[in-house]
Amino acid sequence: MPSWARTSACVVSAFLGGALVTRGAGLARADGDDTYRNLAVFARVLNYVENNYVDDVDPVTLVYGAIRGLLATLDPHSTFMEPEQYAAMKSEAQGEFGGIGIEVVKRPDGVVILERYEGGPAMKAGLHVGDTILAVEGEPVATLSLAEVVRRIKGRAGTVVTLSVLKARNQRAEDVRVIRDRIKVLSVDARRLEDGYVYVRIKSFTERTSHEMHRALDTITATGPVAGLVLDMRDNPGGLLDEAVRVADTWLEDGVIVSTEGRTGPPEVELAHPKDTEPKYPVVALVNGGTASAAEIVAGALQDHRRAVVLGTQTFGKGSVQTVIELEDHSALKLTIARYFTPAHRSIQGTGITPDVVVPARPTPPPKPADGAGTSGEVVIGGQETDSQLEAAVDVLRRWSVGKRHANRDIP
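So the sequence shown is residues 15 to 426, counted in the working numbering.
Structure representation (structure tokens):
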């Protein structure tokens with residue numbers, strides 16, 4: 015058998031193995047179209063490249079590149095992860111990752127540290143809240159998105175990342191070497207506000223988010239009743255669908271939370287349950303353009319059931335559901351398999367959630383050396399939150415408590 019034919023057999027086997035994992039009908043469709051012929055063409059090209067390209071090439075690199083090219087023809091959320099990338103994704107889903115223990119925000123002059131975890135690598139390296147990161151491994155952050163800066167700072171525990179930092183205390187720039195470590199962070203922050211109101215921030219939906227949130231609520235309610243609650247999901251990129259459903263179920267007694275509709279089969283519907291539902295105190299959900307996916311599911315469910323007033327700015331608009339399939343070499347395929355719909359059967363894909371009350375974020379200055387960061391992730395100056403959206407949310411709760419209407423909408 016020619017070598018390209020042997021390669022073709024391997025490639026066909028690999029592709030059909032994936033189809034069997036995700037969808038039984040995939041194999042049947044392959045018999046009636048040009049799939050096998052096209053795979054043979056691909057295998058022949060692969061053989062020519064391996065044997066005739068001017069430089070030696072790694073076959074794994076070629077196959078991985080081909081898989082990425084295949085997925086590039088689909089939606090942007092269908093991706094391929096090499097083994098190391100997949101391992102990192104699993105760690106983050108568990109609330110763990112390799113990093114330096116800081117939370118940051120992008121400013122015109124750099125990336126500012128808003129929060130530093132106690133005892134973490136950043137603290138050990140002498141970084142402080144208010145320090146400005148100018149470059150990562152020599153690459154100026156001005157040319158990078160915030161997501162890319164964060165990606166470059168993260169890495170395997172025990173490795174070193176060098177940051178060029180403008181120190182807030184003396185306004186001097188210096189290079190700081192930080193040894194990455196395993197960072198385990200809570201996805202939920204909670205605290206009491208004034209007048210019996212409670213603030214809960216969900217940063218992302220990990221495996222323990224609903225557990226963390228219920229534990230935080232139990233701790234807070236043990237100190238007194240809740241007059242109203244602000245649920246902050248700003249800049250929450252999403253995460254695990256099951257956890258989003260559990261969080262929404264916290265404030266809903268019955269009805270649909272979310273439905274997902276794929277290419278085949280009936281829709282899958284997630285329902286609310288009366289067990290352990292929170293009392294019917296008023297809720298305001300804070301959202302913005304960084305609120306996506308699972309966070310939009312929660313906002314949409316609470317909005318459609320009129321259980322919360324959604325306040326802030328338009329959300330991101332990621333209304334698709336992905337499944338992750340681990341492959342034989344511990345790489346993984348993340349594939350879009352369905353779209354989700356709110357209880358009112360609204361599709362969020364490409365449009366997002368429109369707030370009931372639109373409140374743009376008021377820009378805040380970078381923190382001064384003595385400043386810290388509140389649990390909302392906003393800068394604290396002189397001990398006060400400069401957060402116009404949070405202030406507006408508390409104002410809605412006050413109006414709610416006196417039975418007023420807000421934004422031409424009955425507040426339940």
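Just so you know, even glycine gets a beta-carbon here, dropped at the ideal spot from N, CA and C.
With H, G and I counted as helix, E and B as strand and the rest as coil, what does DSSP make of residue i?
i, result
"F94", "strand"
"D70", "coil"
"Q328", "coil"
"Y78", "helix"
"D209", "helix"
"Q108", "coil"
"T146", "strand"
"K289", "coil"
"L245", "strand"
"S224", "helix"
"V338", "strand"
"S402", "helix"
"R58", "helix"
"K294", "coil"
"G46", "Confidence at G46 is low in this model, with a pLDDT of 47, below 50, so its placement is unreliable and the value that follows should be read with caution. G46: coil per DSSP, three-state reduction."
"G314", "helix"
"G124", "strand"
"L180", "strand"
"G83", "helix"
"V164", "helix"
"I367", "coil"
"A407", "helix"
"D282", "Going by the sequence as given, residue 282 is Glu instead of Asp. Looking at E282 - three-state DSSP - the assignment turns out to be strand."
"A306", "coil"
Measuring only the C-alpha atoms, how far is residue i from residue j?
i, j, result
"L411", "V373", "15 angstroms"
"L200", "E405", "24 angstroms"
"I367", "T220", "22 angstroms"
"A236", "R229", "11 angstroms"
"G40", "R58", "Legend: pLDDT at G40 = 38, less than 50; position of this residue unreliable, value from coordinates given subsequently. When rounded, the distance between both Cα atoms is 23 angstroms."
"V190", "I167", "12 angstroms"
"V175", "I147", "12 angstroms"
"V259", "L316", "11 angstroms"
"P293", "A182", "45 angstroms"
"P239", "G210", "7 angstroms"
"G331", "A286", "23 angstroms"
"T365", "D89", "16 angstroms"
"V212", "V179", "36 angstroms"
"V323", "V371", "7 angstroms"
"A387", "T75", "In this prediction, A387 has a pLDDT of 34, which is less than 50 and means its spatial position is unreliable; nothing more can be read from the coordinates."
"R165", "S415", "43 angstroms"
"A156", "R222", "34 angstroms"
Since residue i sits in a beta bridge, which residues does DSSP pair it with?
i, result
"E275", "R353"
"R260", "In the DSSP output, where bridge partners are listed per residue, R260 has none listed."
"L300", "D246 and L325"
"L347", "F94 and I339"
"P154", "A149"
"S415", "Bridge partners of S415: none, in fact."
"R229", "According to DSSP, which records beta bridges pairwise, R229 is partnered with nothing at all."
"G113", "D195"
"G253", "F219"
"R130", "I116"
"D268", "None, per the DSSP bridge assignment."
"D203", "R215"
Look at the Cβ atom of residue i, then the Cβ atom of residue j, and state whether they are nearer than 8 angstroms.
i, j, result
"V2", "A346", "An answer regarding residue 2 cannot be provided, because it is not within the stretch 15 to 426 covered by the chain."
"L254", "A171", "no"
"L231", "A204", "yes"
"P369", "A306", "no"
"V125", "V163", "yes"
"S273", "E282", "yes"
"A407", "V298", "yes"
"R360", "G303", "no"
"V301", "T329", "yes"
"K289", "S92", "no"
"S224", "E275", "no"
"P357", "I271", "yes"
"V244", "V214", "yes"
"Y295", "A241", "yes"
"I234", "M227", "no"
"P97", "H319", "no"
"I193", "G134", "no"
"Y78", "F94", "yes"
"G326", "I362", "no"
"V150", "L128", "no"
Stretch-stretch touch, CB-based, cutoff 8 angstroms, three pairs: the segment 136-153 with the segment 65-75: no
Three Cβ pairs or more, each shorter than 8 angstroms: is that satisfied between the segment 154-163 and the segment 106-120? yes
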